[in-house]
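Okay, structure first, notes after.
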Amino acid sequence: MNLAEKKETLLHIVHDADDKLTGLLIALANEYNDSDVEYTEEELNFFEERRMEFLNSGKTGSTVEEAHARIRRNYNNGI
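Heads up, the sequence shown is in the working numbering, so the first residue is 29 and it goes up one at a time.
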């Protein structure tokens, strides 16, 4: 489905939406478009501390595939 088709489908959904769905769609759009996220100095310091903790630990991160495999393995092992 291309963008034009998606927009047309969305227009039909909005046209037929009740009050609850309309409110949810507006909330979703507002959340998606909210680019004015501001963090406090305390939050920024926390993020930086966590980042430095990780970098200094010598550990490496996981790829998405590795993380999925680990989750599946743990789930299948009943952990």
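In this text, a Cβ means the ideal position worked out from N, Cα and C, and glycines have one as well.
All of these numbers come straight from a predicted model, not from anything done at the bench.
{"Asked": "Mapping DSSP to helix, strand and coil, what is M29?", "Found": "coil"}
{"Asked": "For N105, does the three-state DSSP call read helix, strand or coil?", "Found": "coil"}
{"Asked": "Whose C-alpha, out of R101, T50, K48, is nearest the C-alpha of E93?", "Found": "R101"}
{"Asked": "Distance, Cα to Cα, L39 vs N84?", "Found": "51 Å"}
{"Asked": "Need the endpoints of the alpha helix (DSSP H) that A55 sits in, please.", "Found": "47-61"}
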